[in-house]
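Residue numbers (my numbering): 76 to 368. The beta carbon of each residue, even a glycine, is placed where N, CA and C say it ideally should be.
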């Protein structure tokens with residue numbers, strides 16, 4: 076945690092680095108985005124000393140990235156939550172994740188998918204048993220906030236990069252592995268929607284496109300379910316979902332999650348190389364959960 080030298084006083088990069096350019100500060104933002112808000116939970120997740128954790132939390136509160144919110148009166152205890160300023164850093168985290176997936180874990184090639192043995196695939200597989208924190212995303216109908224977990228037996232969240240309607244897609248889109256197939260995926264979930272509802276589940280499609288863009292596509296395709304816009308990358312940050320940059324925008328890689336009524340991820344499929352099979356897997360998991368309940 077350094078002060079900015081006078082020669083860099085007008086440099087926004089230097090000023091930002093003074094706030095979050097520290098290993099622990101960045102990881103604390105990551106963990107609060109993932110739903111870990113209390114001191115002991117943060118210490119357990121990060122393996123950080125109490126002294127360093129206390130210092131970093133105080134710094135992030137002082138700089139307006141986190142806020143202390145009381146959750147207990149006697150004795151008084153606080154938890155730490157991202158402010159609007161802190162949530163503004165989520166695209167920075169996802170950009171760092173995208174860079175490392177491509178250039179540290181990968182060979183530098185641009186891809187909308189990943190190998191079965193990749194770090195991305197291991198992260199998504201590790202979501203099973205994890206709880207999705209409380210958050211809301213704009214729905215395509217009117218942009219009103221929607222909880223991604225709809226209740227009932229389960230909610231299926233299928234993530235996709237982008238649809239060509241209303242378009243246009245970025246140049247070279249068709250040459251990006253894993254980018255094509257978003258319209259097919261939506262249509263397959265549309266056609267199976269009655270089966271998902273019969274099993275007690277809701278379905279949501281998720282992309283980083285704006286709600287108005289999603290609305291045009293949903294109306295044209297007659298989608299019976301709500302598309303959710305993760306344009307601010309809140310869901311992506313909460314679950315560390317794989318993403319890639321195309322057309323100067325981060326796009327979600329194709330993935331399918333089944334989340335139960337307690338917000339616990341019960342099924343996670345990534346990469347999705349066979350879209351019809353992934354839809355069928357999700358329906359099988361929903362029916363299994365319905366049989367258990």
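When the distance is taken between beta carbons, is residue j closer than 8 Å to residue i?
{"i": "residue 309", "j": "residue 202", "result": "no"}
{"i": "residue 319", "j": "residue 173", "result": "yes"}
{"i": "residue 280", "j": "residue 188", "result": "no"}
{"i": "residue 361", "j": "residue 271", "result": "yes"}
{"i": "residue 156", "j": "residue 141", "result": "yes"}
{"i": "residue 316", "j": "residue 327", "result": "yes"}
{"i": "residue 276", "j": "residue 353", "result": "no"}
{"i": "residue 165", "j": "residue 131", "result": "no"}
{"i": "residue 295", "j": "residue 240", "result": "yes"}
{"i": "residue 338", "j": "residue 206", "result": "yes"}
{"i": "residue 223", "j": "residue 169", "result": "no"}
{"i": "residue 100", "j": "residue 128", "result": "no"}
{"i": "residue 85", "j": "residue 200", "result": "no"}
{"i": "residue 181", "j": "residue 158", "result": "no"}
{"i": "residue 144", "j": "residue 154", "result": "yes"}
{"i": "residue 341", "j": "residue 358", "result": "no"}
Helix, strand or coil for residue i? Go by DSSP, reduced to three states.
{"i": "residue 298", "result": "coil"}
{"i": "residue 229", "result": "strand"}
{"i": "residue 257", "result": "helix"}
{"i": "residue 90", "result": "helix"}
{"i": "residue 78", "result": "coil"}
{"i": "residue 394", "result": "Given that the chain is displayed from residue 76 to residue 368, the structure contains no residue 394 and the question cannot be resolved."}
{"i": "residue 303", "result": "strand"}
{"i": "residue 153", "result": "strand"}
{"i": "residue 140", "result": "coil"}
{"i": "residue 221", "result": "strand"}
If you draw a straight line from the C-alpha of residue i to the C-alpha of residue j, how long is it?
{"i": "residue 121", "j": "residue 268", "result": "40 Å"}
{"i": "residue 324", "j": "residue 147", "result": "41 Å"}
{"i": "residue 231", "j": "residue 306", "result": "19 Å"}
{"i": "residue 300", "j": "residue 179", "result": "37 Å"}
{"i": "residue 105", "j": "residue 238", "result": "29 Å"}
{"i": "residue 118", "j": "residue 177", "result": "29 Å"}
{"i": "residue 249", "j": "residue 149", "result": "59 Å"}
{"i": "residue 244", "j": "residue 285", "result": "14 Å"}
{"i": "residue 334", "j": "residue 208", "result": "12 Å"}
{"i": "residue 183", "j": "residue 283", "result": "23 Å"}
{"i": "residue 264", "j": "residue 278", "result": "8 Å"}
{"i": "residue 259", "j": "residue 98", "result": "41 Å"}
{"i": "residue 107", "j": "residue 93", "result": "20 Å"}
{"i": "residue 350", "j": "residue 116", "result": "37 Å"}
Rounded to the nearest angstrom, how far is the Cβ of residue i from that of residue j, given a contact under 8 Å?
{"i": "residue 330", "j": "residue 257", "result": "Going by Cβ atoms, the distance from residue 330 to residue 257 rounds to 12 Å, so no, they are not a contact pair."}
{"i": "residue 91", "j": "residue 83", "result": "Incorrect: roughly 11 Å between the Cβ atoms, too far for contact."}
{"i": "residue 290", "j": "residue 216", "result": "7 Å"}
key: Runs of beta strand (DSSP E) wholly within the region 315–361 (minimum 3 residues, chain order)   = 318–321, 324–327, 330–335 and 340–344
request  = Pick out the complete alpha helix (DSSP H) segments inside the region 104–131, 4 residues or longer, and give them in chain order.
outcome  = 114–121
ask   = What are the uninterrupted segments assigned as alpha helix (DSSP H) that are 4 or more residues long and contained completely in the region 160–213, given in chain order?
value = 165–178 and 194–200
key: Every unbroken beta strand (DSSP E) inside the region 264–300 [3 residues or more]   = 276–282
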